[in-house]
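Structure, as structure tokens:
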Amino acid sequence: MKNINVWMLASLFSMSSMTLVSCNKVDKEASAADHQKVEQFLKQAATNDNFQLMAGMMAEDQSKKGEVGALGQKIYHVHSRTTPVLAEIAKKKAVELPAQMGSEKKALVDSLETKKGEEFDQTFANLEVEAHEEAIAFYEKADKEVNDPDVQQFIDQILPVLKEHLAEAQELKNAVAQADKTTKP
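Just so it is clear: in the sequence shown, position 96 is 109 by my numbering, and no numbers are missing.
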């Protein structure tokens, strides 16, 4: 009987250490998955910021309507403040952010560069509505999926601002469309 108890204890001990190893492996995998989500979020958020910085500067330079330039300036101002915050979080998380905005966003900027006046105003307003709808969906998804407290704090701060910018871009889009209707026969 004594031999059976020793054998049972040895079996239980070996099973519990297997469980600990297994839990440790699961924790590492979960941590790696969390880090990957954080990295993806930071890179995409930086790409969005880079796009908004460029579009905002262009609106100040190329718009015909003061409202377009004003929204561009506001967008530029906000994203010029969020970019360093993203960089700080990325540094803390050992994530290298892209220096460029990505080919899709670059193509949008390139298309904006060719436009002036009313054509620029209309294109800018449309792009800002689309870009902010996309950014809000991205941030809301990340809010549900990313558990990192630094990222969560950033999302909590910027998401309401993105929603405010979307409302302003929608108002601008409507105003530009109305002005376009009244100037064309």
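For each residue, glycine too, the CB sits at the ideal point set by N, CA and C.
Treat the numbers as computed from the prediction; the structure is a model and nothing was measured.
Tell me the DSSP secondary structure of residue i in three-state form.
i, result
"Met-31", "Confidence is the limiting factor: at Met-31 the pLDDT is only 44, short of 50, which leaves the residue's position unreliable, though a coordinate-based value still follows. Three-state result, Met-31: helix."
"Gln-57", "helix"
"Ala-148", "helix"
"Met-114", "coil"
"Ala-180", "helix"
"Glu-143", "helix"
"Ala-107", "coil"
"Val-91", "helix"
"Asp-163", "helix"
"Asp-40", "Any reading at Asp-40 must be qualified, since the residue scores a pLDDT of 45, below 50, and its modelled position is unreliable; the value itself is stated next. Looking at Asp-40 - three-state DSSP - the assignment turns out to be helix."
Going by C-alpha to C-alpha distance, which of the options sits closest to residue i?
i, options, result
"Lys-106", "Phe-167, Val-174, Asp-163, Glu-141", "Asp-163"
"Pro-111", "Leu-121, Ala-100, Phe-151", "Ala-100"
"Ile-149", "His-178, Ser-124, Ser-116", "His-178"
"Ala-68", "Val-142, Lys-157, Phe-167", "Val-142"
"Phe-137", "Gln-65, Thr-60, Phe-167, Ala-58", "Gln-65"
"Val-122", "Glu-52, Met-70, Gln-57, Gln-191", "Met-70"
"Gln-183", "Asn-61, Val-51, Asp-134", "Asp-134"
"Val-51", "Gln-170, Ala-155, Ala-190", "Ala-155"
"Ala-59", "Glu-132, Gly-82, Phe-151, Ala-72", "Phe-151"
"Ile-171", "Asp-74, Ala-192, Ile-88, Ala-83", "Ile-88"
"Ala-188", "Asn-139, Leu-175, Leu-55, Phe-167", "Asn-139"
"His-90", "Ala-180, Val-174, Ala-192, Glu-153", "Val-174"
"Ala-199", "Lys-119, Ala-83, Ser-116, Gln-53", "In the structure as shown, the chain begins at 14 and stops at 198. Residue 199 is therefore absent and cannot be evaluated."
"Asp-169", "Thr-95, Gln-191, Glu-132", "Thr-95"
"Gly-82", "Phe-167, Ser-116, Leu-185", "Leu-185"
Which term fits residue i, buried or exposed, when burial requires 16 or more other beta carbons within 10 angstroms of its beta carbon?
i, result
"His-92", "buried"
"Gly-85", "buried"
"Gly-130", "exposed"
"His-145", "buried"
"Asp-62", "buried"
"Glu-147", "exposed"
"Glu-181", "buried"
"Lys-15", "Any reading at Lys-15 is ruled out, since the residue's pLDDT is 48, under 50, leaving its predicted position unreliable."
"Ala-72", "buried"
Which one or two residues does DSSP pair with residue i in a beta bridge?
i, result
"Gly-85", "Beta-bridge pairing links Gly-85 to no other residue."
"Ser-76", "Gly-130"
For residue i and chain C, any beta-carbon pair shorter than 8 Å?
i, result
"Leu-125", "Going by chain labels, chain C is absent from the structure shown, which holds only one protein chain."
Tell me, please, whether the region 78-94 touches the region 46-54 by the rule of three or more beta-carbon pairs shorter than 8 Å.
By the Cβ test, the region 78-94 is not in contact with the region 46-54, since fewer than three Cβ pairs between them sit closer than 8 Å.
Under 8 Å, with one C-beta from each stretch per pair, do the region 150-169 and the region 114-134 reach the 3-pair mark?
Here the region 150-169 makes no contact with the region 114-134; the two share fewer than three CB pairs at distances below 8 Å.
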